[in-house]
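A.B. asks:
In our numbering, the protein residues as written are 7 to 264.
1) For residue 126, which option in 61, 232, 212, 135 has the closest C-alpha, if you only look at C-alpha atoms?
2) Taking 8 Å as the threshold, find out whether the segment 153-166 comes into contact with the segment 49-69 through three or more Cβ pairs.
3) Using a 10 Å radius around the Cβ and a threshold of 16 neighbouring Cβ atoms, would you call residue 14 buried or exposed?
4) How about residue 73 and residue 94: are their beta carbons less than 8 Å apart?
5) Between the segment 120-137 and the segment 173-184, do at least 3 Cβ pairs fall closer than 8 Å?
6) Whether or not the segment 29-46 and the segment 225-232 are in contact is what I'm after, with contact meaning three or more pairs of Cβ atoms, one per stretch, closer than 8 Å; do they touch?
7) Which residues in the same chain have their Cβ closer than 8 Å to the Cβ of residue 205, if we skip the five residues on either side of it in sequence?
8) Can you look up residue 168 in the DSSP assignment and give me helix, strand or coil?
9) Under 8 Å: do the segment 179-187 and the segment 72-89 share three or more Cβ pairs, one atom per stretch?
10) What are the start and end residues of the alpha helix (DSSP H) that includes residue 109?
11) With a Cβ-Cβ cutoff of 8 Å, do residue 265 and residue 122 count as a contact?
12) So the beta strand (DSSP E) residue 51 belongs to, where does it begin and stop?
13) Can you say whether residue 64 is buried or exposed, counting buried as having 16 or more other CB atoms within 10 angstroms of its CB?
14) If you compare alpha carbons, which of 264, 143, 96, 187 is closest to residue 69?
15) Note the first and the last residue of the continuous beta strand (DSSP E) segment covering residue 257.
16) Of the residues 260, 259, 211, which one's Cα is nearest the Cα of residue 252?
17) Considering just the uninterrupted stretch of the alpha helix (DSSP H) at residue 27, what are its terminal residues?
18) Between 136, 201, 159, which lies nearest to residue 238 when the distance is taken from Cα to Cα?
19) Looking only at DSSP bridge pairs, what is residue 175 linked to?
20) Rank 160, 215, 208, 43 by C-alpha distance to the C-alpha of residue 101 and give the top, closest one.
21) Please look up how many angstroms separate the CB atoms of residue 3 and residue 236, rounded, as I've assumed it's under 8 Å.
22) Report the residue from 220, 264, 144 whose alpha carbon sits nearest the alpha carbon of residue 53.
Dropping the structure here:
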């Protein structure tokens, strides 16, 4: 059976304990993922790694915003359309304010994150112990692909399939049909990565929503010991697993996965 391993955002910003948006336990998740590749490498025909890839000036980062006193919000602040309309927050750049209001009106609210996965920095790189195993695997099996997401500063991009909102004039913010086709060609899809509450959850949810492959859910297995939630968002991860089981997605771990 053609097995595809999808590893979502296994980057230093999330997986290194010194990372800007470290997900507790992520380094152990990636160690287990690396061990899976080492043990089951011949069973894996293709690996796709998604990478969060941000500019510093980004709608999800504090530098984009100012409050009524002209100060940027603290990381993990939640900003809503009601906050915009009440004047509690606005885009720091006047040229971005019309888009920012339209964006929040469309999505309702979002969380401000620490600057993370900045293009060209260590935070953007794949976590070292996993990267070493990926490099060893592709020396033998070759078919390792990387999918970038999040470089458009005007929209959040948890999902590797699509951002929170399409940005006019940027085809990269449309649904990633090429990724969906690659996933659809696999006989089974093992999923690992960070974080189960956000990027993993949104990516798998969108695969089910937008894939044109019949019964794609039955091909997918979530490797529960190879992903963790952002601290404080454990309930979102629990909800994700519950929804996926209801859709027919499998849940296993890196030791027992078939």
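Glycine included, each C-beta is placed from N, C-alpha and C at the ideal position.
C.D. replies: Let me lay it out:
1) Answer by Cα proximity: 61.
2) yes
3) buried
4) Cβ distance < 8 Å, so residue 73 and residue 94 count as in contact.
5) no
6) yes
7) 14, 15, 56, 58, 164, 165, 166, 199
8) coil
9) no
10) 103-113
11) Outside the shown range of the chain (7 to 264) lies residue 265, about which nothing can therefore be said.
12) 50-58
13) By the neighbour-count definition (other C-beta atoms within 10 Å, threshold 16), residue 64 is a buried residue.
14) From the listed residues 264, 143, 96, 187, the smallest Cα separation to residue 69 is found for 96.
15) 256-258
16) 211
17) Element bounds for residue 27: n/a, residue is neither H nor E.
18) 201
19) None; residue 175 has no bridge partner.
20) 160
21) Here the chain covers residues 7 to 264 and nothing more, so residue 3 does not appear.
22) Closest option to residue 53, Cα to Cα, is 144.
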